[in-house]
Structure formats: C-alpha cells, structure tokens
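Asker: Right, I'll just put the structure down here and ask away after.
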Amino acid sequence: MNNLSQLLKPQSVAVIGASIRPFRSGNIVMKNLLQGGFDGAIMPVTPYYPAVCGVLAYKTIASLPLVPDIAILCTHASRNLSIIKQLAELGVANAIILSSDMYTLDAQGFEIQAQCNDIAKQYGMRILGPNSLGLILPWANFNGSFSPVTATKGNIAFISQSAAVCTTILDWANDKQIGFSAFVSLGNATDIDFADLLDCLSTDKHTDAILLYVDTIRDARRFMSAARAASRNRRILVLKGGRTKAGKRAAQMHTGGDDTLDIIYDSAIRRTGMLRVNNTHELFAAVETLTHSVPLRGERLAIITNGGGPAIMATDTLLDHGGRLAELEESVFAALNQCLPQSWSHGNPIDIVGDADHNRYINALKAVLDSDNADAILIMHSPSAIAQSEQTAQAIIDIVKSHPRARRFNILTNWSGELTARPARQLFNQAGIPTYRTPESAVVAFMHLVEYRRNQKQLMETPTTAEAVHVSEINAAKLWIDEHLAENDQLHLDTHQIGSFLKCFSFNLLPTWIASDASEAVHIAETIGYPVAVKLRSPDIAHKSDVQGVMLNLRNSHEVSSAADAIFDRAQLHFPSANIHGLLVQGMAKLAGGEELRIKVKHDNTFGPVILLGQGGSEWNEASDAAAALPPLNTTLARYLIVRAIRSGKIRLQKQPVPIDINGLSEFLVRISQMVVECPQVYELDIHPVLVNGDQFTVLDADLTLKTYKGDTQSRLAIRPYPTELVEKCTAKDGEIITVRPILPEDEPHHAEFIKKVSKEDLYKRFFSDVGEFNHEALANLTQIDYDREMAFVAITNDGTKEEIIGVSRALINPENTDAEFAILIRTDVKGKGLGKILMSRIIEYCKAKGTKQMSGMTMPTNRGMLTLAQRLGFEIDVHFEDGTADMVLPLNS
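The numbers in the UniProt record's numbering rise by one with no breaks, and the one at position 499 of the sequence shown is 499.
Okay, here's the thing in structure tokens:
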C-alpha cells in the first residue's frame with residue numbers, strides 16, 4: 001500500500017459526477033472546492049455539461065489532461081465499480097466515495113463495495129469511504145466535501161466515521177473560532193481507516209491534537225499500534241459511540257459495528273495513552289481544555305469563587321470523578337487573610353464572598369499563583385452587581401498574561417449565566433483561556449486533563465518484573481491441552497477437571513472431588529472432613545445460582561445428603577432436559593476475612609482475548625460489573641487494572657483484618673495473561689470466585705472452554721506480546737556466551753547504565769548530536785517498544801550476579817512495511833568482540849522474516865567501523881561529504 005501523502009497534500013482533484021443542479025453532491029463538492037480557494041487543478045467529469053461552476057468539464061475519465069491525486073465520486077453506487085476500475089487503470093492514487101449504498105449487490109449478486117476494494121488493492125489505490133462526507137484540508141485550502149459548513153485553519157485533526165458528527169463539530173468549532181489541520185470523514189472505512197490516518201497525522205507539522213469519533217474498530221492490532229505511536233507525539237481524544245446494547249445495534253446499522261463490550265474499548269483507549277470522552281458535550285469541553293492548556297504538573301485543583309453554591313457543586317463533581325482538591329498552606333492562608341474579608345471560606349474552595357469586586361479576584365488569584373499548593377486553578381464567577389462580568393474577566397486575563405508564574409498552572413474559568421456572561425466567555429476564548437458555562441462542565445474538563453495525564457503516565461511507566469512461568473510448566477500445560485483436544489475441536493471443563501492445568505501456572509485450587517449421588521457425596525465429606533461445600537455439575541446450567549446449586553458450610557452427613565438431594569430435585573424441576581453430571585464436593589475455604597473476586601478470560605471478535613476483573617457474585621454482568629484489560633499484562637499494567645476496578649466500584653473492598661495484597665493480585669493476573677499468550681486454545685476461563693486472604697489466592701470454582709486454534713497464535717492478540725521465540729545464545733569472538741533477545745520495558749535501568757558506558761564520540765555518531773543524560777521519558781521510548789512495528793535486540797552478559805547490556809540494534813519499520821530504519825550502538829569498552837555483526841545479522845534476519853522491503857540507515861563518513869560492517873553485510877553505501885552523512889540501504893524482499 002502506498003502512503004497517504006497525496007491524499008493529505010493534493011495538487012489536483014477530479015470530481016466524478018460533477019453537476020450544475022443545486023443540492024446535488026456533485027454541485028456542492030465543486031462549489032466547496034472553488035470557494036475554498038484550492039489552487040491546484042480542479043477537473044469536473046461529466047458527460048452532460050460542457051462546464052460546471054464555470055470550470056471546463058471532461059466527458060470521460062480517460063480524457064482528463066493529467067492524473068489527479070484525488071478523485072471524488074459523487075455518483076450512484078451502481079456506477080462506481082466501473083468508475084473505480086477506470087481510475088485505477090489511469091493510476092489515480094486516492095478515491096473518495098460519497099455514496100452510502102455500496103453494500104448493494106450487482107447483477108451477478110456480488111457486493112459492489114467488496115469488488116471496488118479488490119480492484120483498488122490490485123492497483124495500489126486507496127479508498128476513503130464509502131458513505132464519506134469527504135475531506136477538508138484547511139492549510140491546503142482544499143474542501144473536497146459536501147459539508148454545508150467549512151473548516152478554518154488550526155492545529156486539530158478530526159477523523160470521524162459519522163458524517164453527522166462531522167457537521168456538528170464543524171458548526172461548533174466555527175462558533176468557538178477553533179480551526180483544524182485536517183477534517184476527514186471515514187464513512188464505512190472499508191479501506192482507509194483510523195490507523196492509516198493516525199500514522200500520517202501524528203507527524204504532520206500543522207497537527208497538535210487529533211480527535212476521533214469511533215463507531216467500531218475492525219483491525220484492533222493496527223489500531224492499537226498506530227494509536228500507541230501517535231499518542232507519544234500528539235494529544236488524541238476519542239468519542240466512542242455504541243456504549244449501550246441499543247447503541248451497538250445502531251452502530252451496526254450505521255457502519256457495520258461490532259458487539260465488543262464498551263469496557264473493552266475503554267481499556268484499549270487507556271492502554272494507548274489516548275483520552276476518552278463520553279459525549280459530544282465532553283468532547284467540546286475537552287477540545288477547549290487541551291487546545292489551550294499546558295501539560296498538567298499534578299492533580300491538585302484550587303477553586304476561587306464568588307458563590308458558595310456553585311463551588312459546592314464543583315467540589316462534588318470533582319470528588320465524584322476521583323479528583324483532588326488542593327490543600328492550602330499557612331502562607332497562603334496568611335496572604336488571603338490580608339486581601340479578603342473575615343467572612344471568606346478559610347479553605348479550598350476559596351469563597352471570596354458575593355460582594356467581591358474584580359480587585360478581590362485578582363488578589364486571591366495572585367496568592368495562589370505565588371504558592372506551590374496547586375497545579376490547576378478554577379476561577380468561578382456568578383452574576384454580580386459588584387464584580388461586573390466583562391471587567392472581571394479582563395482583569396483576570398491581564399494577570400494570567402503578566403504574572404511570571406502563571407504558565408506553571410492550568411487555569412480554567414467558569415462564568416455562569418447567559419446574557420451577562422457570554423461576552424466575558426468570548427474574552428476568555430480570544431485570550432486562549434478555557435471557559436465553561438457551568439461548574440460541573442469546568443470540573444469535568446479539568447478531569448479530562450487529569451485522566452489524560454494518568455493515561456500518558458501509564459504509557460511511560462516502567463513495569464516491575466513478575467516471576468515468569470517456567471518453560472517446563474508451559475510445555476506441561478500445552479501437552480495437557482493437546483491431550484484434551486485430541487478428539488474434540490471444542491471442550492468445556494469444570495473445576496474438578498482443570499486442577500492440574502491451573503497448577504502449571506502456580507494457581508492454588510481448592511481440592512475438589514466428584515460425587516455421582518448423595519451417598520457418594522456423604523462418603524467424600526466424611527473422608528475430607530467437615531465443613532464442606534456441595535455444588536451442581538451440569539454443562540447445560542450456566543449459572544448454578546439459577547437452581548440454588550451451591551450449598552455451603554455443610555457440617556454433617558445429614559446436611560450433605562439433604563443438600564445433594566435438594567440440588568438434584570431443583571435442577572430436574574427447573575431444567576428437566578439438562579445433562580446432570582453429578583456433584584462437586586469441596587472442603588470449605590476459610591471465607592472469614594477474605595474477598596471473593598471474579599476473573600474471566602473471554603474472546604472478543606475484535607480485540608481477541610480479554611481479561612475481566614470484578615467482584616464475585618452470582619448476579620454478575622460483565623458489561624457493568626467488571627473492568628477489562630488486554631493481554632499481555634505486566635505487573636504495572638495489572639496494578640492499573642486493579643486500581644481502576646477499585647476506583648470504579650467494580651471491586652468493593654471490605655474492611656478485613658488483612659487487606660488484599662495488590663502486588664500479589666497483580667502477579668496472579670500476570671500469570672493469567674501468560675496463560676492466554678502461551679495457550680491460544682484457551683477460549684474462555686471463568687474463575688468464579690478466587691478467594692483472596694491477604695496474599696493468599698485460592699480458586700474455589702472455575703470453568704474452562706478449550707477450542708482448537710490454527711494459524712499464527714500471536715495474530716489473535718490486539719497487542720503483540722513479547723517475542724520469546726527470538727531469544728537466543730550467541731558466542732562472541734573471545735568465546736564469551738552472550739544472550740541476544742528483544743528488549744523489555746523492564747530493561748530501562750540497564751539501558752541507562754549501558755548508555756553511561758558509551759563514549760561521547762560513539763553517542764554523537766549514533767544520535768548525530770551531543771546527548772546528555774537520558775531522562776525517564778527518553779529511556780521509556782527506547783525500551784517500551786511496539787513489537788508489531790519496531791524491534792530492538794540487546795546483547796546481554798551475565799557475570800553471575802547481574803545482567804548488563806553491552807550492545808543494541810534497532811529497526812523502526814514504517815506502517816507500509818516497505819522500509820526499516822536501523823541503528824546500532826555497542827558499548828565502547830567491549831568493541832572487538834564481533835557484537836556489531838551479531839546484532840546486525842539478527843535485525844536483518846528479523847526484517848527479512850517480517851517481509852520488509854528494505855533496511856536503511858544513516859551514519860557519518862568518518863564512522864569507518866559502521867560503514868565497513870554495512871558493506872560486508874551487503875548494504876549499498878552512498879556518501880555525501882558536503883552534508884557529512886552516509887546513507888546505507890539493504891534490499892531485503894522484492
């Protein structure tokens with residue numbers, strides 16, 4: 001696939017189906033292009049008119065005087081198959097299809113949309129749409145859309161699957177005087193999708209932030225990979241439609257949406273460092289906040305207000321959303337006491353009282369700006385006869401612009417009211433200070449900054465190492481699965497049957513026995529000792545609670561016998577045709593002082609395996625009672641999942657003598673993740689519940705569904721896991737055994753030590769500039785890589801006490817997989833061991849296997865060691881002495 005440079009920087013456009021008839025898409029698109037001031041070639045194509053909107057028209061596509069960069073199809077779906085074929089044969093790079101009925105069948109019964117995509121793929125042409133509103137590129141004066149509203153120049157890119165959302169956003173943005181760098185309507189996104197545009201726009205010089213309206217994601221791996229890369233460079237906000245069942249059905253009708261749980265989308269968005277908003281109102285507020293805000297230093301909010309009631313509402317909203325009020329120090333109280341009346345609130349919110357004039361606002365704001373007690377300040381104003389709305393707003397704007405410490409704070413304003421407040425809000429807009437109509441919307445906007453900061457921090461946080469499951473245990477688990485699937489493609493197993501499998505991953509399972517009837521249950525209970533639990537075994541009854549199929553704390557033979565008979569009777573009564581496989585008998589776990597949690601692995605058609613975590617209980621609704629995470633997990637990501645589940649009330653912690661060991665639960669979840677990654681046949685695992693007593697975790701009940709899996713086991717995962725298959729031992733020239741493996745996020749401290757032992761000269765040759773000490777963010781970018789589009793191999797030595805990195809080779813592969821930019825760095829004191837050749841050979845082998853077309857790199861003409869190595873490995877060398885550079889290119893796959 002070619003990149004989208006011609007789509008986003010067009011020099012020419014053809015309008016297929018251009019029309020002189022008002023309100024036809026071919027007429028509206030032509031008018032928009034001409035009124036937008038596009039200075040490239042505009043070529044209407046129509047057999048019906050000699051000219052459209054005063055521009056000479058061409059009767060056929062073949063008669064066009066040049067090959068357009070973009071062709072906009074304003075034609076009926078029935079004509080589009082022929083048109084796409086003509087455009088592809090002409091060599092057109094990009095087509096925008098406005099038609100909404102491309103899913104219809106042609107005379108032979110084939111879908112028009114699918115046939116168009118096949119032709120485009122064959123010729124390397126990209127399609128935007130169908131059902132697209134079009135494309136607006138304000139910096140190119142290009143309005144290739146049939147939108148009734150245009151976009152002005154700005155630094156926000158907007159990508160949407162909904163045309164109606166596009167026009168709504170445009171109308172609002174024009175009112176707020178917010179401009180755009182690109183405005184893209186994906187429509188049904190059968191070809192060009194979010195991932196393609198995120199890759200392009202994340203490096204666009206005009207784009208500072210990207211907004212997405214999402215109905216559905218089709219290629220989760222590509223989306224996650226592109227979003228993770230883009231969110232390191234740009235602020236990305238996501239409005240996801242289809243949060244409810246009814247909303248999902250509407251999305252399916254609109255763009256062929258999926259049935260993925262909303263909590264899974266939520267987890268995916270967090271995992272990529274983006275910010276999710278819940279509705280268009282929040283999107284507007286978040287745009288305003290992120291457009292005008294400096295990066296948030298912390299989460300402490302100070303509130304200055306002339307009204308107690310609005311401040312109370314703001315405080316309630318802040319705490320409901322997990323926010324934090326700033327705590328004021330004595331020095332701030334002293335400053336405020338000097339400038340405020342005795343009746344001020346003497347706390348945060350800082351209520352400067354209803355008779356406050358603009359000077360009182362200024363003095364209170366200065367007191368907070370002069371301190372380090374807060375990270376953000378919300379200034380609130382209710383209509384007042386004394387503090388005139390516009391005068392007060394202008395005074396605050398002047399202080400924010402002139403105070404030397406103002407840039408250290410995020411400043412937000414809430415001017416409540418309509419007629420009297422609107423001019424003041426316009427002043428704030430013009431000054432670039434976020435402003436909101438209500439206290440609640442102002443606080444929600446602040447929490448968007450907080451949530452964005454948390455997601456970015458999660459993206460960059462260095463994980464701790466979990467105890468890896470030993471390879472022998474993984475092999476035992478795989479053998480166990482193979483034996484059970486030898487005669488079945490799919491198998492459902494219960495607690496009694498999966499004990500040995502769970503033990504391969506070091507899970508503690510409560511001992512379980514099977515009883516066929518009441519007398520056998522009594523015999524088992526007598527053997528293992530009372531009290532016991534008796535549970536129904538039936539593959540046809542999904543929830544034992546439906547028939548009260550679990551009886552606990554049975555203390556003698558009479559209770560066991562009566563409970564067993566009653567369970568059988570209830571099952572027969574309510575599910576007369578169900579297969580009953582007897583009973584499970586377990587010794588009673590020590591429930592006192594413990595928490596019951598539910599952990600489930602399920603398969604999602606879009607994102608693949610997903611891990612759900614919530615409170616135990618029979619009335620469990622995974623859509624509302626669980627938090628979700630995508631494997632693979634490390635302990636840091638697992639901890640985020642647990643904290644999120646607690647914060648959102650999905651886990652309701654009880655006051656226990658020994659609280660839940662969060663670190664222990666994190667490691668438990670990491671082992672679940674390792675199971676999912678290593679065993680693709682695990683289609684579903686439902687642990688209901690696991691009993692948590694401090695650092696003790698006991699599986700009381702579990703169901704496992706196994707399903708035969710064929711193909712690439714890693715492709716089912718939305719995030720490429722650590723490629724353990726690429727770890728190998730190598731021998732250096734001096735005979736030392738060295739481990740060469742892909743880099744790990746946990747390697748950050750080792751990588752920092754490695755760089756310290758590289759000479760300044762070698763670092764200069766690698767980075768083409770003098771580099772100082774690498775900070776955490778820089779090291780995180782080097783160690784937390786996306787294995788789907790990037791690879792870094794490290795050479796490791798181990799002296800028996802500690803591991804050390806002594807060399808690194810890297811390849812950054814472009815989204816089209818046509819080029820991999822490589823780099824290599826060897827620790828200065830270990831040169832001469834042949835590490836360069838070892839690491840370069842590994843990265844070349846990796847790119848070849850991935851199907852990358854070529855590898856390329858750049859060094860200095862004076863770096864003879866690198867140039868000699870590259871020549872030996874087959875690279876073509878092109879030295880530019882005038883620029884002080886040398887290009888190295890190695891063709892890999894034709």
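Glycine included, each C-beta is placed from N, C-alpha and C at the ideal position.
Return the CA-CA distance between D316 and I352, expressed in angstroms with no decimal places.
Answerer: Straight-line Cα distance between these residues: approximately 19 Å.
Asker: Would you kindly work out how many angstroms separate the C-alpha atoms of residue 957 and G616, rounded to a whole number?
Answerer: Outside the displayed range of the chain (1 to 894) lies residue 957, so it cannot be described from this structure.
Asker: Within this structure, are the beta carbons of S25 and S19 separated by less than 9 Å?
Answerer: yes
Asker: On a CA-only basis, which of A367, H346 and L340 is nearest D355? Give me that one, please.
Answerer: L340
Asker: Nearest-angstrom Cα distance between K655 and I156?
Answerer: Their backbone Cα atoms lie some 47 Å apart in a straight line.
Asker: Ends of the beta strand (DSSP E) at H381?
Answerer: A376 to H381
Asker: Going by alpha carbons, who is nearest to E728 out of E684, Q714, G834 and R842?
Answerer: R842
Asker: Got a sec, what are the start and stop residues for the beta strand (DSSP E) V601 sits in?
Answerer: E595 to D604
Asker: Would you call the CB atoms of H381 and A393 closer than 9 Å?
Answerer: Yes, they are a contact pair.
Asker: Got a sec, what are the start and stop residues for the alpha helix (DSSP H) residue 961 sits in?
Answerer: As shown, the chain starts at 1 and ends at 894. That puts residue 961 outside it, with no answer to give.
Asker: Which term fits I397, buried or exposed, when burial requires 16 or more other beta carbons within 10 angstroms of its beta carbon?
Answerer: buried
Asker: Measuring CB atoms only, is the segment 223 to 235 touching the segment 198 to 210, in the sense that at least three cross pairs come out at less than 8 Å?
Answerer: Contact annotation: the segment 223 to 235 touches the segment 198 to 210, with at least three C-beta pairs closer than 8 Å.
Asker: When you compare only the Cα positions, how much space is there between G529 and R555?
Answerer: 9 Å
Asker: Does the segment 497 to 508 come close enough to the segment 692 to 701 to have 3 or more Cβ pairs within less than 8 Å?
Answerer: yes
Asker: Pull up the distance between the alpha-carbon of V758 and that of I806, whole angstroms please.
Answerer: 9 Å
Asker: Considering only their Cβ atoms, is the gap separating L630 from residue 945 smaller than 9 Å?
Answerer: Nothing about residue 945 can be read from this structure; the chain reaches only from 1 to 894.
Asker: Are the Cβ atoms of P50 and A57 separated by less than 9 Å?
Answerer: yes
Asker: Tell me, please, whether the segment 662 to 671 touches the segment 283 to 303 by the rule of three or more beta-carbon pairs shorter than 8 Å.
Answerer: no
Asker: With a CB to CB cut of under 8 Å and the five nearest residues on each side skipped, what residues in its chain are close to A468?
Answerer: Q674
Asker: Applying the 10 Å Cβ sphere with the 16-neighbour rule, what's the burial state of L319?
Answerer: exposed
Asker: Which of helix, strand or coil does DSSP assign to Q161?
Answerer: Q161 falls in the coil class under three-state DSSP.
Asker: From K848 to S894, what distance separates their C-alpha atoms?
Answerer: When rounded, the distance between both Cα atoms is 11 Å.
Asker: What three-state label does DSSP hand M1 in the structure shown?
Answerer: Caution is warranted here: a pLDDT of 39 is assigned to M1, below 50, making its placement in the model unreliable, and no coordinate value can be reported.
Asker: Identify the continuous alpha helix (DSSP H) that holds I362 and give its terminal residues.
Answerer: H358 to L369
Asker: Given this structure, state the Cα-to-Cα distance separating I481 from S666, to the nearest angstrom.
Answerer: Distance between the alpha carbons of I481 and S666 is about 25 Å.
Asker: Counting only the same chain and skipping the five closest in sequence on each side, list residues whose C-beta sits under 8 Å from that of S389.
Answerer: Excluding sequence neighbours, S389 sits near H381, P383, W415, G417, T420, A421, P423 and A424.
Asker: Please state whether the Cβ-Cβ distance between V214 and L197 is less than 9 Å.
Answerer: no
Asker: Going by beta-carbon coordinates alone, are E461 and A780 separated by less than 9 Å?
Answerer: yes
Asker: Please classify A525 as buried or exposed, where buried requires at least 16 other C-beta atoms within 10 Å of its C-beta.
Answerer: buried
Asker: What did DSSP end up calling W415 once you bin it into helix, strand or coil?
Answerer: strand
Asker: If we call anything under 9 Å between Cβ atoms a contact, is N131 one with S82?
Answerer: no
Asker: Buried or exposed: T216, going by 16 or more other Cβ atoms within 10 Å of its Cβ?
Answerer: buried
Asker: Are Q161 and L137 closer than 9 Å when you measure CB to CB?
Answerer: no
Asker: Quick one: using the 10 Å Cβ neighbour count with 16 as the cut-off for buried, is L768 buried or exposed?
Answerer: This sequence places Phe at residue 768; Leu is not what is there. So F768 ends up on the exposed side.
Asker: Bridge partners of C730, per DSSP?
Answerer: Residue pairing from DSSP places C730 in a beta bridge opposite I738.
Asker: Please report how far the alpha carbon of V550 lies from the alpha carbon of I737, in whole angstroms.
Answerer: 57 Å
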